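Trainee: Numbering (the UniProt record's numbering), first residue to last: 1 to 74.
Please see the structure below; I have some questions.
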């Protein structure tokens, strides 16, 4: 199988580092800021995952009532 060049925009990505963080049971809101310091637009995606106990043998789930809101800064 031969591999050729990828079309423009395919396979490009930026790394913003590790944005994983803990949200205590008593907290109801958290925010993280990601700065794009380039002239081009950069797609950003997010995922909300619940972890029962971080570390060994943890169980991950998608919390039914959680939400993730992404927006461009004005």
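For glycine and all other residues, C-beta sits at the position ideal for the given N, C-alpha and C.
Since we're looking at a predicted model, the values are computed, not measured.
1) Taking only the alpha-carbon atoms, compute the straight-line gap between residue 20 and residue 41 and give it to the nearest angstrom.
2) Pick helix, strand or coil for residue 59, following the three-state DSSP scheme.
3) So, helix, strand or coil for residue 50, using DSSP?
Mentor: Here's the rundown:
1) 23 Å
2) coil
3) strand
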